[in-house]
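Structure first, commentary second.
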């Protein structure tokens with residue numbers, strides 16, 4: 007498979023998945039407002055990522071969630 011074929015298949019798969027979520031669940035996966043946590047796992051070592059996830063899970067379980075960062079300009083608005 008060429009890189010271009012892989013890219014086309016990926017784009018098609020993502021479009022189909024997006025349509026499926028909209029049909030079955032009523033939301034767009036591209037709308038980041040539906041998520042409680044968005045984490046770029048390329049930002050640091052696994053230990054740091056793990057700590058962020060554990061802290062976020064504890065905050066949700068304890069009812070102490072808080073917004074810690076503004077939405078990226080690249081995110082889809084609702």
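In our numbering, the protein residues as written are 7 to 84. Virtual Cβ for every residue (Gly too), placed ideally from N, Cα, C. These numbers come from a predicted model, not from an experiment.
query	result
For residue 54, the first and last residue of its enclosing alpha helix (DSSP H)	52-68
Cα-Cα separation, residue 42 to residue 14	30 angstroms
Where the alpha helix (DSSP H) containing residue 16 begins and where it ends	9-31
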